[in-house]
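Only one structure is covered here, and it is reproduced in the block below.
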Amino acid sequence: MEQNANGYMMQTESGKMVVLDYVFGEGDIQSYQLIRFAAGEAWNVVFDGRLLALVRKDQNKWIKVIGETIDEAQIFDIGKFIDAQHFNLLPSKIKSHWQEYVAEVIIRTDSEYMIVTRPNISFERFQKMFCSFIEELVEDPWPIDFKVYNSEFTNEFHARVS
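Residues in the sequence shown are numbered from 1 upward in steps of one, following the UniProt record's numbering.
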């Protein structure tokens, strides 16, 4: 772990890391930390400061990249837990709600999203609609910053939900 201390700090400082606490067990409850350092990377499964495994989703199935101490049932449960997190669902909700306006929603971190609009829309009108309704789409309020750009990246606005 000491070898990666600087890399860990750089990733943490850049704000790209996502950390989830996965609690499991009946009676004898245990907790894993699930850590993803950047979007698209595998999730680190950590217990008591030790890396147990790396897991990632491949063709809609959660697989173990490395690790010996976690079985297939645990990988399935961990993957199901990650998939159920609201930050994974929010992009599709945004695209669905404003399908005429939104071309792309990109998760930069669990607290930062980038949105790109479709061409030939009224960007000012979308800004008013977005800012007045986005809190309704965020079911479990946590601080989220939205950076919204028009399709040519010549205009932008920022919105924050707390």
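Where is the CB? At the ideal position from N, CA and C, for every residue including glycine.
Just so it is clear, the structure is predicted and the values come from calculations on it, not from any experiment.
May I ask you to list the residues that DSSP assigns as paired with Lys31?
For this step, residue 31 is matched to residue 31 along the sequence shown. One detail in the question is off: residue 31 reads as Ser in this sequence, not Lys. Partner(s): Val23.
Rounded to whole angstroms, what is the Cα-Cα separation between Met1 and Leu34?
By 1-based counting over the sequence shown, the position of residue 1 is 1. By 1-based counting over the sequence shown, the position of residue 34 is 34. Only weak support is given to the placement of Met1: the predicted model assigns it a pLDDT of 29, under 50, and the value that follows is read from those uncertain coordinates. So the alpha carbons of these two residues sit roughly 16 Å apart.
Distance between beta carbons of Phe133 and Asn150, contact taken as under 8 Å:
Counting from 1 along the sequence shown, the entry for residue 150 is found at position 150. Counting from 1 along the sequence shown, the entry for residue 133 is found at position 133. So it is not a contact: roughly 19 Å between Cβ atoms.
Check whether Ile70 and Lys61 have beta carbons under 8 Å apart
Here residue 70 refers to the residue found at position 70 when the sequence shown is read from its first residue. Here residue 61 refers to the residue found at position 61 when the sequence shown is read from its first residue. No.
From Tyr32 to Phe47, what distance separates their C-alpha atoms?
Reading the sequence shown from its first residue, position 32 is the one you call residue 32. Reading the sequence shown from its first residue, position 47 is the one you call residue 47. In a straight line, the C-alpha of Tyr32 is about 5 Å away from that of Phe47.
Return the CA-CA distance between His158 and Asp21, expressed in angstroms with no decimal places.
Sequence index remark: in the sequence shown, residue 158 carries index 158 (1-based). Sequence index remark: in the sequence shown, residue 21 carries index 21 (1-based). Cα atoms of His158 and Asp21: separation of roughly 29 Å, rounded to the nearest angstrom.
Is Arg160 buried or exposed, if buried means 16 or more other CB atoms sit within 10 Å of its CB?
Within the sequence shown, residue 160 is the residue found at index 160, counting from 1. A residue is called buried once 16 or more other Cβ atoms fall within 10 Å of its Cβ, and Arg160, having fewer, is exposed.
Among the residues of its own chain, which have a CB less than 7 Å from the CB of Gly79, if the five just before and after it don't count?
Within the sequence shown, residue 79 is the residue found at index 79, counting from 1. Taken in chain order, the residues that qualify are Val55, Lys57, Trp62.
Using a Cβ-Cβ cut-off of 7 Å (strictly less than) and excluding sequence neighbours within five positions of Glu68, which residues of its own chain qualify?
As a first step, residue 68 is located in the sequence shown; it is residue number 68 there, counting from the start. Within the same chain, and ignoring the five residues on either side of Glu68 in sequence, no residue has its Cβ closer than 7 Å to its Cβ.
How is Ala42 classed by DSSP in three states: helix, strand or coil?
Along the sequence shown, one-based indexing puts residue 42 at 42. Here Ala42 carries a coil assignment [DSSP, helix/strand/coil].
What first and last residue would you give for the alpha helix (DSSP H) that runs through Ala73?
Residue 73 sits at position 73 when you count from the first residue of the sequence shown. Taken as a continuous stretch (DSSP letters only), the alpha helix (DSSP H) holding Ala73 covers 72-83.
Beta-carbon contacts of Gln30 that lie in its chain and below 8 Å, excluding the five residues immediately before and after
Here residue 30 refers to the residue found at position 30 of the sequence shown. Around Gln30, the same chain offers Val23, Phe24, Phe47 as residues with beta carbons nearer than 8 Å, after the five sequence neighbours per side are excluded.
Under a three-way DSSP split, which group does Ser14 fall into?
Along the sequence shown, read from residue 1 onward, the residue named residue 14 stands at position 14. Reliability of the predicted coordinates at Ser14 is poor, the pLDDT of 42 falling under 50, and no value is obtained from them.
Could you check where the beta strand (DSSP E) with Ile134 kicks off and where it finishes?
Here residue 134 is taken as the residue at index 134 of the sequence shown, counted from 1. Per DSSP, Ile134 belongs to no beta strand (DSSP E); it is in the alpha helix (DSSP H), 123-137.
What are the boundary residues of the beta strand (DSSP E) that includes Glu104?
Here residue 104 corresponds to residue number 104 of the sequence shown, with the count starting at 1. Residue range 102-109 is occupied by the beta strand (DSSP E) that includes Glu104.
So what does Trp142 bridge to, in DSSP terms?
If you number the sequence shown from 1, residue 142 lands on position 142. Answer is none; Trp142 lacks a bridge partner.
What are the boundary residues of the beta strand (DSSP E) that includes Trp62?
Position 62 of the sequence shown, counted from the first residue, corresponds to residue 62. Residues 61-66.
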